[in-house]
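The structure appears below as structure tokens.
Chains as they are written, first to last, in the numbering used here: chain A, 2 to 592; chain B, 424 to 644.
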């Protein structure tokens, strides 16, 4: 409180007033007193001078001046006043204190000159002899309208001066004492006023720093108490409002934060005012570090920057889809930007929504490829069949050997068509779920299934001089659907055999580890490049698209394997090194 | 400093970053075209180079305008000078990306070679250098810029290794010689791009610290 400028201002005001009044009293009163004292002295001198004139006038006229001196002496000492009689020409006739003939001519004394001029003369001078101020009063003496001389009375002012000095001291002490008391009292008074103001100020400051549960109490007079009450009410309302705002803000942040889509809000200067977590993930930036920065500093993805710029410029929604490579991740992102307006209707900024549609587009691509592939796969044998049928119709029928040959070819292609369609059907059945796939799982000896699969593949392996080696613990039993598992293994073995050069080997191994059984098919073939691995199990996906399809196969084998694995609650994985070979592993959980 | 001047500096920064974004994108696309043997992607790179050339001219003109009209001093002057030089380097990087794209288009006409020649590691490193050099420009981060300069050694090393291996493969697989030579070109172009990113990084250091660090032997990192 004592740092308050108002307190010291008020106090200074009081002090100033007190000092002023004291000064007035201390200066004016003594002055008046002095004037009155002098006036008194003067009147006394005047009276004495009049009396002296009455006494002296006849003596002056009759020139009986010789005895004036002793008479003046007696009178002077009796009334304590210096009396002087002066002739018209200025010479001193008699003086109550000095020998007349020793005194010089007084014609030039101011009181004498004034007396001659105005009928009365007065002067105050420092007297060397007496060492004090002396007041002189002179009257002219006239006899029958003729100036015969002057009478002069004089008295030293020492007593008067001394008395005045004493009075001044008294007044000073008294006024000063009163002033000091006043200082003290006014300080207390000012404090009383300032105290509640100070606490109000402190409370206002603490509210500004953060809503506080503080209440001002005061014993101050009426207006200040009213102010304090109003203040308390205001603080309460402020607290309420702050709570509401904070809660709503948190809700908003929570909603934005849990969205899958990325949301970025920028102001008209293209500075980021908000970015949620999802946007940070898509753009590979840290949302907190991006706040307040320009959008084009935060991200260099051209599609985003340009979309936002065009929205701000043209004040309407803009959408675009962009393929961006961020941190070597290939994404397709749908960008939608709309402007937002402030109260005055001006464009205040833009809100951008980013939607990661990579998966969506990928699936669309897969579907498109699939449709194209199916058409092609089905069309090729059909075209061939049609061709041969037309040839037969055109006359080849007549040549029995040719006809037989052609029919064999047609039969082969029909088989192929059948195989493709059967695979497609079983694939779609598998995709509909284990129930639709008529998956009945029974406890089966795994070794039997492996042997059955190898048996099926022997006719393919033998002519190619590929050896199949199998290893499986004889007692290993798993709950599986034997036909389905056999089909999956046949597909895998078939692939392995077809990519192995003559004399190579293919391994079929089943091992149990922990909660799953792993069945691996390993070959020493050409291997599969890394970039094909993610799409390997897609329908009709082929690694070398320009190689001819005549090493058979529907292109669906691996897709079927994958779905069979999934129908058993497991998965299939592949490891491959180009030039060395590949290993396909079925992982089946043991319930 | 007048706000008009401030705005022009901001616009210059914005344009430079826009150019750098396209260049970065083109380098990425060119590399992807090589790895995936995608001729269409390669063509996109070639087609977009004209836009880059135009923007490069615009940036240069803007720099000259700022220098003439506002006669900037101290850090602003260093910034404009750095932008002039970086602009040049970006345009050259874009041209190298076009070169790589042309090689990619050629390689796409061939089937995949049986040789395991992986240019991806070197490409990723180069792309990272491009990104970091541009990040250091945006963030005015001299430390990041110095890291870019330090990484150049790695790319140079990878380039040398690539040379050696390609020479080996030319001997063992003479039928692949055209493809191998084109891959060699790609490697060289990548190494050149990496060198240009160190130029950019040095220019950033100059802007931020006022020191010219090129031609200094490395006490980096």
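The beta-carbon is built from N, C-alpha and C at its ideal position, and this holds for glycine as well. In this text the structure is predicted, and so the values were computed from the model without any measurement.
Q) If we cut at 8 Å on Cβ distances, does residue 448/B have a partner in chain A? A) yes
Q) Taking 8 Å as the CB-CB cut-off, is residue 298/A touching chain B? A) yes
Q) Residues in its own chain within less than 6 Å of residue 563/A by CB, not counting five upstream and five downstream? A) Only 538, 573 meet the Cβ criterion.
Q: Would you grab the beta carbon distance between residue 135/A and residue 165/A for me? Rounded to a whole angstrom, and I think it's under 8 Å.
A: In fact, because the Cβ distance is near 16 Å, the residues do not count as touching under 8 Å.
Q.
For a test of the three-state rule: what should DSSP assign to residue 36/A, helix, strand or coil?
A. helix
Q. So, is the C-beta of residue 645/B closer than 8 Å to a C-beta in chain A?
A. There is simply no residue 645/B to check, as chain B begins at 424 and stops at 644 in what is shown.
Q) Per DSSP, residue 510/A forms a beta bridge with which residues? A) 472/A, 521/A
**Q.** Residues near residue 184/A by beta carbon distance below 7 Å, same chain, minus five either side
**A.** 16, 19
Q: Mind the definition here: the segment 26 to 39 of chain A touches the segment 200 to 211 of chain A only if three or more C-beta pairs lie below 8 Å; say whether that holds.
A: Touching, no.
Q: Verify the CB distance criterion: does residue 584/A have a CB-CB separation below 8 Å to chain B?
A: no
Q: Within the same chain, show all residues whose beta-carbon is closer than 7 Å to that of residue 571/B, passing over the 5 residues directly before and after it, in chain order.
A: Excluding the 5 residues flanking it on each side, residue 571/B has same chain C-beta neighbours closer than 7 Å at 552, 555, 556, 559, 620, 621, 624, in chain order.
Q.
8 Å is my cut-off, CB to CB: does residue 443/B come that close to chain A?
A. Contact of residue 443/B with chain A is assigned, a C-beta pair being separated by under 8 Å.
Q: Below 8 Å on the Cβ atoms is my guess for residue 609/B versus residue 547/B; work out the distance and round it to an integer in Å.
A: About 14 Å separates the two Cβ atoms, so there is no contact after all.
Q | Best match in 488/B, 584/B, 600/B, 575/B for proximity to residue 542/B [C-alpha to C-alpha] | A | 584/B
**Q.** residue 283/A and residue 355/A closer than 8 Å at C-beta
**A.** yes
Q. From the DSSP output, which residues share a beta bridge with residue 135/A?
A. 126/A, 157/A
**Q.** Of the listed residues 586/A, 484/A, 143/A, nearest to residue 87/A (C-alpha basis)
**A.** Comparing Cα positions, the closest option is 143/A.
Q: Anything in chain A within Cβ reach of residue 451/B, meaning under 8 Å, just list it in chain order.
A: 326
Q: Report the residues of the segment 558 to 576 of chain B with a CB closer than 7 Å to any CB of chain A, ordered along the chain.
A: 561
Q: Give the interface partners of residue 303/A over in chain B, defined as CB-CB distance under 8 Å, in chain order.
A: 441, 444, 445, 448
Q) Are the segment 500 to 508 of chain A and the segment 468 to 475 of chain A in contact at 8 Å, needing three or more beta carbon pairs? A) yes
Q) Is the Cβ-Cβ distance between residue 313/A and residue 348/A less than 8 Å? A) yes
Q) To which residues of the same chain is residue 292/A closer than 6 Å at the C-beta, ignoring the five residues directly before and after it? A) Around residue 292/A: 273.
Q.
Taking the alpha carbon of residue 730/B as the reference point, which residue from 611/B, 604/B, 592/B has its own alpha carbon closest?
A. Lying outside 424 to 644, the shown extent of chain B, residue 730/B is not represented and no answer is given.
Q. So who's on the other strand from residue 341/A, going by DSSP bridges?
A. 350/A
Q. Beta-carbon of residue 530/A versus every beta-carbon of chain B: anything under 8 Å?
A. With a threshold of 8 Å between beta carbons, residue 530/A makes contact with chain B.
Q. With a CB to CB cut of under 8 Å and the five nearest residues on each side skipped, what residues in its chain are close to residue 547/A?
A. Bear in mind that a pLDDT of 39 at residue 547/A, under 50, signals an unreliable position, so the number given afterwards is only what the model happens to contain. Nothing meets the Cβ criterion.
Q: Would you be able to state if there are at least three C-beta pairs under 8 Å between the segment 586 to 599 of chain B and the segment 481 to 492 of chain B?
A: no
**Q.** CA-to-CA distance, residue 495/A to residue 482/A, given in whole angstroms
**A.** 20 Å
(Q) Would the segment 391 to 401 of chain A count as touching the segment 417 to 434 of chain A if we require 3 or more Cβ pairs under 8 Å? (A) no
Q | Candidates 448/B, 486/B, 626/B, 458/B: closest to residue 567/B by CA position | A | 626/B
Q | Touching by the beta-carbon criterion (3+ pairs, under 8 Å), the segment 574 to 591 of chain A and the segment 524 to 533 of chain A | A | yes
Q. DSSP state of residue 366/A, grouped into three classes?
A. helix
Q. Cα separation between residue 305/A and residue 512/B?
A. 25 Å
Q) Is it true that the CB of residue 520/A sits closer than 8 Å to the CB of residue 424/A? A) no
Q) Secondary structure at residue 262/A, three-state DSSP: helix, strand or coil? A) coil
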